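Residues 1 to 302 in UniProt numbering are what the sequence shown lists, from first letter to last. Positions of the beta carbon are idealized from the N, C-alpha and C atoms, including for glycine. Since the structure is predicted, the reported quantities are computational estimates derived from the model, not experimental observations. Take a look at the structure set out below.
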Amino acid sequence: MERGSHVLVFPFPVQGHINPMLQFSKRLAAKGLTITFITTHSTQYTTDFSSGSIQIQTQPIYDGFEPGEKKPDIEAFFERFAVATSHSLLEFLESQIQSSNSNPPKFLIYDSAMPWALQIAHKFGIKGSPFFTPSCAVSAIYCHAHQGLIKLPLELDGVSSDLSFPGLPLLGLEDLPSFVQDVSLYPSLLKWVLRRFSNVDEADCLFLNTFDELENEVVNWMGSKWRVMTIGPTLPSMYLDKRVDEKRIVRRDEIELCLKEVMLGERASLFKANAIKWMKLTREAVDEGGSSDRNIDDFVAK
């Protein structure tokens with residue numbers, strides 16, 4: 001892509017999905033791309049989309065809900081959300097293509113939870129790729145479940161309860177995502193989680209929120225199936241600089257318990273050594289010339 005090429009980034013509108021894709025958008029913008037970050041009307045007033053000194057424009061579209069509106073059950077929410085955002089995204093892309101805009105969008109990066117976005121982009125000749133927020137290991141397990149390589153519900157005999165997957169160590173039931181452990185817990189949500197692999201063969205590539213050194217073997221396995229790009233971890237730089245977010249998101253006593261275990265427990269020295277090791281590898285991956293940085297450069301240059 002030429003410098004200034006227009007890329008659309010469309011996250012699933014919940015906090016755990018918005019922030020990683022916002023950070024990725026900042027990196028793309030810093031590499032010289034023009035980024036439009038697609039938000040929804042129901043989240044634009046409750047989420048901070050500021051990008052500091054990096055220029056990223058936002059574009060709200062209708063997602064079927066009004067700000068503050070109580071959401072229905074999971075199944076009804078996804079159905080309503082998919083219909084509304086499909087229509088809204090189509091209208092937005094149509095307006096972009098038909099306008100006198102000298103820089104129409106060339107690429108759509110969409111949350112993997114919204115596979116329908118790819119078909120809409122292709123209608124206008126726009127390339128598209130899903131962004132996988134979970135770890136590569138979790139995504140691979142969902143992939144196996146979608147392809148029927150994991151038979152759900154799981155039936156383990158208690159004797160040979162370890163499960164084997166390409167690129168992963170042997171896993172017990174407790175190691176699996178909760179959606180897969182017990183399909184009765186979130187049956188509607190599981191269906192939508194697995195649908196993210198419904199059309200990945202048609203995508204230009206798969207963006208993975210991890211880095212090569214962290215999940216090398218399972219990344220290589222996914223890379224044998226599709227063109228993948230590890231571009232993570234998509235964290236604000238302040239986390240890599242050891243600065244702390246002051247917002248409370250868990251109870252104080254839980255934090256104290258965890259801190260005591262890490263700082264004073266029997267495995268404190270091991271925790272510390274591992275933390276230092278992975279912090280170093282994380283910084284190397286996202287720094288200039290690191291594995292994730294090179295992959296972003298490759299995407300920008302293609």
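*Does DSSP classify T234 as helix, strand or coil?*
It is coil, neither helix nor strand.
*With a cut-off of 8 Å on the beta carbons, I'd call K127 and D204 a contact; round off their distance for me.*
5 Å
*Which word fits F271, buried or exposed, when buried means at least 16 other C-beta atoms lie within 10 angstroms of its C-beta?*
exposed
_Through-space distance from N216 to D287, alpha-carbon basis_ = 18 Å
*Give me the Cβ distance between C136 and V193, rounded to the nearest whole Å; I'm assuming they're in contact under 8 Å.*
Rounded, the Cβ-Cβ distance is 15 Å, inconsistent with contact.
_Under the three-state DSSP convention, the category V7 falls into_ = strand
_Give me, in chain order, the residues of the same chain whose beta-carbon lies closer than 7 Å to that of P60; leave out the 5 immediate sequence neighbours on both sides._
T39, T40, H41 and Q44
*Near R3, what residues of its chain come up, given a Cβ to Cβ distance below 7 Å and the 5 sequence neighbours on each side ignored?*
G32
*Between which two residues does the alpha helix (DSSP H) harbouring K191 extend?*
If you look at K191, you'll find it in the alpha helix (DSSP H) that goes P187 to L194.
*Minimum length 4: unbroken alpha helix (DSSP H) runs contained in the segment 109 to 179*: 116 to 123 and 136 to 146
*For D298, count neighbouring C-beta atoms within 10 Å of its own C-beta (all shown protein chains included) and say buried if the count is 16 or more, exposed if not.*
Counting of Cβ neighbours within 10 angstroms places D298 among the exposed residues, the total staying below 16.
*Inter-residue CB distance, A140 and W221 (contact presumed, cutoff 8 Å)*: 7 Å
*T133 beta carbon less than 8 Å from that of P20*: yes
*Starting from P60, trace the beta strand (DSSP E) both ways and give me its first and last residue.*
Q57 to I61
*Hey, would you say F124 sits closer than 8 Å to L93, going by beta carbons?*
yes
*Beta-carbon separation (whole angstroms), F131 vs F207, contact threshold 8 Å*: 5 Å
_Distance cutoff 8 Å, beta carbons only. Does A285 sit that close to anything in chain D?_
The chain labelled as chain D is not found in the depicted structure, where only one protein chain is given.
*Helix, strand or coil: how does DSSP classify L33 here?*
The answer is coil: DSSP assigns L33 none of H, G, I, E or B.
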